[in-house]
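Read the structure below first, then the notes.
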Amino acid sequence: MDRAVEAASEFFKLPSETKQEFASDDIRRPVRYGTSSKDGTRPSRTFLKHYAHPLSEWMKYWPEKPPTYREDMGKFSAGVRRVALELMEAILEGLGLGKHYQHEEFENGLQLLQVNCYPKEPEGESAIGLAPHSDHGFLTILLASCPGLEVLDRSSDTWRVVQQPRHALHVHVGDCMEVLSNGRVKTAVHRAVLNHGEARISMASIHSFAMHEKVSVAKELVDEQDPEKYKESSFSDFLDYLMSNADKKRMSFLESLRT
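Counting from 1, position 40 in the sequence shown corresponds to residue 44 in the numbering used here; the numbering is continuous, with no gaps.
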């Protein structure tokens, strides 16, 4: 974990022209670098997104600088993927579906790694580094170098600060889990705030079915009292929705799936 955070930090310190080689507005690119701002002038986040499973297919597209990036980030990606698969088995058992439910789809599924760098916020100011959202996919495993994560408490409709013990991995339930469980498990709405003390590195590993594999409500969780609440969709459908919904204030993708 430490080496992956260090590799990420070193990448964001590279000259702008080196990082710009990965810049693109095409959200389907296997590796994509970009920035976002809170006021149109000062960056609130820089990011590098790339696919990570299977490593043999995707690693060749990853940055070659810093020299340790591929090895260290590859080890981290493989480790968090094992954690995600074990957690999925436990959740599926808890839902009464059995830990081997759609086993092949999870084993062959997609892993997207989103590496973020949030700048230090000047003292006396408060800023959002990443607006409130939920993650698509079943689970997101998150590692961060320092505090800055807040999660929406649905019972009180307030934001709760999430502590960041050293080497702690945060697990977020994603939209696909809400769909599969027919709403029994709710997606986690969260946001990132800038840290006054230091810049923050975070690495979010998002896990879903393969790009075109449809996720639907488990039929075992549907009956007359609890009818099917969501339409089926794939990760590819999600990306299409993002592109069609760019810069428009419309419903989230999950909301669009509700029947």
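We put the beta carbon where it would ideally sit given N, CA and C, even for glycine.
For residue i and residue j, what's the separation of their Cα atoms in angstroms?
i	j	result
P70	Y37	15 Å
Y55	P34	6 Å
T45	Q118	With a pLDDT of 46 at T45, under the threshold of 50, the modelled position of this residue cannot be trusted; read the value that follows with caution. If you take the alpha carbons of T45 and Q118, they lie about 23 Å apart.
A222	L89	18 Å
M215	L147	24 Å
M5	A196	20 Å
H57	L116	8 Å
R74	H107	28 Å
S240	Q229	31 Å
T50	T22	14 Å
S13	Y65	19 Å
R170	I132	23 Å
L261	R188	15 Å
Give the C-beta separation of residue i and residue j to the nearest angstrom, bearing in mind that I take them to be a contact with Cβ-Cβ under 8 Å.
i	j	result
I145	S209	5 Å
D76	D139	D76 to D139, Cβ: 23 Å. No contact.
E217	V226	No, E217 and V226 are not in contact; Cβ-Cβ is about 20 Å, not under 8 Å.
S279	R204	The chain is shown from 5 up to 263; residue 279 falls before or after that span and cannot be answered.
V183	L156	That pair is no contact at about 19 Å.
S212	F142	6 Å
A8	M207	6 Å
Y234	T263	6 Å
Can you tell which of the options has its C-alpha closest to the C-alpha of residue i?
i	options	result
R85	F110, M63, W62	F110
E25	M92, P67, K190	P67
S20	T39, V9, E154	T39
N186	E125, H176, E236	E236
C121	R254, M255, A11, S260	A11
E202	D244, F213, L246, P151	P151
V165	H211, V9, I95, N199	N199
N249	V175, V219, T191, I31	I31
M181	A135, L99, P123, S260	L99
With respect to the alpha helix (DSSP H) encompassing residue i, which residues constitute its N-terminal and C-terminal limits?
i	result
W66	Here W66 belongs to no alpha helix (DSSP H), and DSSP marks it neither H nor E.
Y245	239-248
In terms of residues, what are the limits of the beta strand (DSSP E) holding residue i?
i	result
R164	162-165
L156	153-157
query = At what residue ranges does the stretch 195-232 contain a whole run of the beta strand (DSSP E), taking only runs of 3 or more?
reply = 204-212
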